[in-house]
Amino acid sequence: MGISLIYKEGQTPLNEEEKDGLLIKMITLQNELDEFEQMNIERAIEWTINTNLKQDKILSEKFIKELHKRMYDQVWKWAGEFRKFEKNIGIKWPQIRIELKNLIDDIKYWIENKTYSPEEIAIRFKHRIVQIHCFPNGNGRHSRIMADIIIESIFRKEIFTWNKSNMIKADETREKYITTLKEVDNGNIEPLIQFALN
Ligand SMILES: Nc1ncnc2c1ncn2[C@@H]1O[C@H](COP(=O)(O)OP(=O)(O)O)[C@@H](O)[C@H]1O
Ligand SMILES: [Mg+2]
1 MGISLIYKEG QTPLNEEEKD GLLIKMITLQ NELDEFEQMN IERAIEWTIN
51 TNLKQDKILS EKFIKELHKR MYDQVWKWAG EFRKFEKNIG IKWPQIRIEL
101 KNLIDDIKYW IENKTYSPEE IAIRFKHRIV QIHCFPNGNG RHSRIMADII
151 IESIFRKEIF TWNKSNMIKA DETREKYITT LKEVDNGNIE PLIQFALN
């Protein structure tokens with residue numbers, strides 16, 4: 001038995017060991033899992049709103065892990081822990097720490113030198129961190145909240161609207177989202193910025 005999960009396009013499947021990390025054993029269906037995760041995420045967002053987040057804190061491995069932990073700690077044992085397996089998206093897992101360090105150094109440089117607009121900096125960070133794919137699951141949602149935190153707490157601008165969707169359902173909006181992500185993979189960042197701003 002155990003949980004049977006339905007994977008949408010652009011999802012990373014969990015292996016058996018990762019699935020064993022499910023803390024709420026009564027969850028057996030994908031939509032139940034989605035809902036429990038969503039409740040957990042909403043509590044994490046509340047925490048980000050009620051916490052004074054400064055640039056040096058946000059742009060650190062410690063915070064990136066803490067945010068993931070707070071988003072999923074009521075549902076998954078491995079919340080906030082880097083993955084230890086290969087996935088269909090992402091670099092080889094032993095490189096996660098060093099690649100995340102490179103990304104953090106890069107974004108600090110972009111901010112300091114105003115290399116790109118605030119929106120582009122936040123969205124470039126969002127795309128790069130999903131490519132690293134730090135965690136067994138939840139990387140997409142984590143990356144969007146990171147982008148929101150960056151734009152709001154570092155640049156003092158409104159959070160992104162993400163097409164008014166949480167991209168959980170496999171609908172048209174999610175399809176459009178995945179298409180724009182692939183465009184970024186090919187070097188075109190603009191459609192994802194527009195997607196996030198609409
Ligand atoms: N081609 C791609 N390029 C960049 N990011 C992608 C691509 N395909 C999928 N993604 C991102 O990876 C996420 C899937 O990773 P996952 O860890 O399952 O996150 P979540 O569970 O939050 O959806 C998608 O939600 C999307 O944000
Ligand atoms: Mg997923």
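Note that this note's numbering has the sequence shown beginning at 1, numbered continuously upward. Here a beta-carbon is modelled for each residue, glycine too, at the ideal position from N, C-alpha and C. Nothing here was measured: the structure is a model prediction, and the numbers come from that model.
Q.
What would DSSP say about W78, mapped onto helix, strand or coil?
A. Reduced to three states, the DSSP call for W78 is coil.
Q. Taking just the CA atoms, how far does K157 sit from H68?
A. 23 Å
Q) Count the other CB atoms within 10 Å of the CB of M146; is the residue buried (16 or more) or exposed (fewer)? A) buried
Q: Could you work out which residue in L5, E9, S4 is closest to E172 when comparing CA atoms only?
A: E9
Q.
Measuring only the C-alpha atoms, how far is F85 from W93?
A. Each residue's Cα considered, the two are about 6 Å apart.
(Q) At a threshold of 8 Å, does D185 count as lining ligand 1 (C-beta to nearest heavy atom)? (A) yes
Q. D56: which of L100, E18, I104 sits nearest, CA to CA?
A. Looking at the Cα atoms, I104 is the closest of the given residues.
Q: Keeping to the same chain, check which residues put their C-beta closer than 6 Å to that of E37; ignore five residues upstream and five downstream.
A: V75
Q) Going by the beta-carbon positions, is the gap between N163 and K182 smaller than 9 Å? A) no
Q: Name the two residues that bound the continuous alpha helix (DSSP H) containing A122.
A: Residues 118-132.
Q: Could you check how far apart the C-beta atoms of K19 and I41 are, in whole angstroms? I think they sit under 8 Å.
A: That belief does not hold up - the Cβ atoms of K19 and I41 are roughly 19 Å apart, past 8 Å.
Q | W78 versus M71: straight-line alpha-carbon distance, rounded | A | Cα atoms of W78 and M71: separation of roughly 11 Å, rounded to the nearest angstrom.
**Q.** Proximity winner among I123, C134, I159, D148, relative to T180 (alpha-carbon distances)
**A.** Check the Cα spacing between T180 and each of I123, C134, I159, D148: the tightest is with I123.
(Q) Between I129 and S143, how many whole angstroms is the CB-CB distance? I'm expecting something under 8 Å. (A) 5 Å
Q | L181 - containing alpha helix (DSSP H), residue span | A | 172-185
Q) Beta carbon of F217, beta carbon of D148: below 9 Å? A) Any answer about residue 217 is impossible in this case: the structure gives the chain only from 1 up to 198.
Q. Which residue's Cα is closest to the Cα of T199: E152, A196, V184, Y116?
A. Outside the shown range of the chain, which is 1 to 198, sits residue 199, and nothing can be said about it.
Q. Can you tell me the Cα-Cα spacing of I107 and K87, whole angstroms?
A. 25 Å
Q: Can you grab the Cα-Cα spacing for the pair Q95 / R83, in whole Å?
A: So the alpha carbons of these two residues sit roughly 11 Å apart.
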